[in-house]
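Visitor: Numbering-wise, our numbering puts 127 at position 108 of the sequence shown, and it's gapless, one number per residue.
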Amino acid sequence: MYKSGIFKTPNYPKNYQYELNCLLYYFHGLSNELVKITFTTFNLRKPIEKKCIDYLDMFTTIESNNQMAKHSNLMNISSINYSRPADYRLCGDLNDFPQNDFYSISSILLLIFHTASKIPGIKYHQQMGFIGQFTFDLKSNYQNNGKHKENTFCDYEFHYNKLLNNTIKYGNFFSPFYPSNYPPNIKCRFIFIADNNQRILLTFHSIRLKSMTNEENISNIESSGLSSWMAGALAMEKSSCDKESGFPFQRKTFI
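(1) Using a threshold of 8 Å, state whether the C-beta atoms of S50 and I81 are closer than that.
(2) Would the stretch 45–65 count as touching the stretch 162–171 if we require 3 or more Cβ pairs under 8 Å?
(3) So what does E52 bridge to, in DSSP terms?
(4) Tell me, which residues are paired with K166 by DSSP?
(5) Just to check my reading of the structure: I138 and H47 have Cβ atoms closer than 8 Å, yes? What is that Cβ distance to the nearest angstrom?
(6) Going straight from the alpha carbon of Q217 to that of Y31, what length do you get?
(7) What residues match up with I25 in a beta bridge as DSSP calls it?
(8) List the residues that DSSP assigns as beta-bridge partners of T60.
(9) Excluding the five sequence neighbours on either side, which residues of its own chain have a C-beta within less than 7 Å of the C-beta of K65, listed in chain order?
(10) If we count the other Cβ atoms within 10 Å of its Cβ and call it buried at 16 or more, is A24 buried or exposed?
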């Protein structure tokens with residue numbers, strides 16, 4: 020199996036044809052892999068009144084046990100009436116994209132390309148379509164090193180004696196579905212517990228949230244009270260080292 024490659028619209032770099040009802044791009048990695056999609060070129064007809072004319076629907080949240088995913092024959096897949104809304108509808112050009120990279124939450128990612136009829140009286144100079152790159156990435160690269168708390172969606176506890184690696188005093192923590200986008204309406208707690216002679220250092224390598232006006236934030240609670248303040252790295256060090264937390268207990272809440 021190829022771990023990376025390219026895909027493109029038919030006849031690229033010539034203009035794609037009108038009235039393509041359903042052109043399917045189906046990516047299926049191994050059970051321990053995610054699918055990453057990056058577009059290097061994307062040029063479809065511009066939307067009219069904020070409505071896409073030609074568009075690419077992207078499904079990134081297909082579970083591996085989905086009945087649709089069990090069909091290995093592409094003809095069977097394309098014949099299914101897949102009526103759920105897409106996770107992304109892409110049109111226009113790269114400047115209209117919400118982000119550069121797209122990831123699946125499982126080993127499956129699906130793209131469906133639709134084009135409309137020619138619109139009389141409107142001339143389009145370039146509608147070459149798109150070129151994209153796919154990569155199969157290991158899920159283990161985005162594994163929380165803490166213990167998932169039972170009966171919760173995304174609460175984790177990190178104790179220096181109970182980290183999954185069991186030998187070192189540091190690890191990683193991630194928001195749900197990372198590196199894909201996190202789902203709406205969630206509340207996640209990340210609880211870090213060190214020994215009495217230790218403090219906790221948190222380093223964030225990537226934070227990309229909606230604006231605070233949308234009520235999405237990270238709160239930081241230490242054992243002494245509340246202070247102001249997602250992929251991150253965790254380290255538990257001796258008290259003499261540089262640190263952020265002044266206490267052996269720290270809780271992060273992601274809302």
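Glycine included, each C-beta is placed from N, C-alpha and C at the ideal position. Since the structure is predicted, the reported quantities are computational estimates derived from the model, not experimental observations.
Guide: Working from what's here:
(1) Contact flag unset, no.
(2) No contact exists between the stretch 45–65 and the stretch 162–171.
(3) According to DSSP, which records beta bridges pairwise, E52 is partnered with L157.
(4) Looking at the DSSP assignment, K166 forms a beta bridge with E176.
(5) At roughly 36 Å, the Cβ-Cβ gap does not stay under 8 Å, so I138 and H47 are not in contact.
(6) Their backbone Cα atoms lie some 59 Å apart in a straight line.
(7) Beta-bridge analysis with DSSP links I25 to Q152.
(8) Paired residues: I150.
(9) The residues are G111.
(10) Note that residue 24 corresponds to Gly in the displayed sequence, not to Ala. When all chains shown are included, G24 counts as exposed.
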